[in-house]
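Mapping the sequence shown onto my numbering, position 36 (from 1) lands on 51, and the numbers just tick up by one. C-beta atoms are modelled at their ideal positions from N, C-alpha and C, and glycine is treated no differently. These notes concern the structure reproduced below.
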Amino acid sequence: MDFLNGFLTVVLVLVSLFMILLVLMQRGNANGGLGAAMGGGMAESALGAETSSVLSKWTKNTAIVFFVLGFGLYLSKLHQHELAKVEQDGALPTIESTEPSPASDAFRELVSQAEEAAEETEAEATEAAAATENAVEDAAEAAPKAAE
Numbered sequence: 016m017d018f019l020n021g022f023l024t025v026v027l028v029l030v031s032l033f034m035i036l037l038v039l040m041q042r043g044n045a046n047g048g049l050g051a052a053m054g055g056g057m058a059e060s061a062l063g064a065e066t067s068s069v070l071s072k073w074t075k076n077t078a079i080v081f082f083v084l085g086f087g088l089y090l091s092k093l094h095q096h097e098l099a100k101v102e103q104d105g106a107l108p109t110i111e112s113t114e115p116s117p118a119s120d121a122f123r124e125l126v127s128q129a130e131e132a133a134e135e136t137e138a139e140a141t142e143a144a145a146a147t148e149n150a151v152e153d154a155a156e157a158a159p160k161a162a163e
């Protein structure tokens, strides 16, 4: 796709230069001006009496080719931009680390300490729940005896 875009860009530049040349070869309305100064008479002698109609046709056709190429390149660049955007959004960055840093070591140590504390708290909570359950059962058994 990149090769095609580059090729079409070169063709667009050549077409634009050719269109500039065609416009400069045409004679102005008053048979003078820039058209006559840049070779308007020479184009007439080279192309014959129908020079103005031939140059007008060529200019019109070259302008059509110029605009079609320009629009095609615009759509192609837009498509490339959308593809690059999709690739960039879907990709995750890869980070390679050869050795751990002191900050990562400290973080790992804090995480392991937190996990140990959570396990200890869970064990203590389980023991407390078991003790509470035993106390409730004992109280339930003692209540009917006390009522007698």
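Report the rounded CA-to-CA distance for residue i versus residue j, giving the unit in angstroms.
| i | j | result |
| --- | --- | --- |
| Glu24 | Glu124 | Just to set this straight, residue 24 is Thr in the shown sequence, not Glu. Cα to Cα, Thr24 sits roughly 59 angstroms from Glu124. |
| Phe82 | Ala118 | 59 angstroms |
| Glu130 | Glu97 | 45 angstroms |
| Ser127 | Leu88 | 58 angstroms |
| Ser31 | Leu37 | 10 angstroms |
| Glu156 | Asp120 | 54 angstroms |
| Ser67 | Ala78 | 16 angstroms |
| Lys160 | Ala133 | 41 angstroms |
| Met34 | Thr109 | 50 angstroms |
| Leu70 | Met16 | 34 angstroms |
| Leu93 | Lys100 | 11 angstroms |
| Glu135 | Gln103 | 45 angstroms |
| Ala143 | Glu137 | 10 angstroms |
| Thr147 | Phe122 | 37 angstroms |
| Asn20 | Ser91 | 7 angstroms |
| Glu111 | Leu27 | 45 angstroms |
| Glu139 | Asn149 | 15 angstroms |
| Thr141 | Val151 | 15 angstroms |
Just curious, the alpha helix (DSSP H) that residue i is in, first and last residue?
| i | result |
| --- | --- |
| Ile35 | 17–40 |
When you compare each of the options to residue i by their alpha carbons, which one comes out closest?
| i | options | result |
| --- | --- | --- |
| Phe18 | Ser71, Gln95, Val30 | Gln95 |
| Met40 | Val28, Thr147, Thr74 | Thr74 |
| Val80 | Arg42, Thr113, Leu29 | Leu29 |
| Phe22 | Gly85, Lys72, Thr113 | Gly85 |
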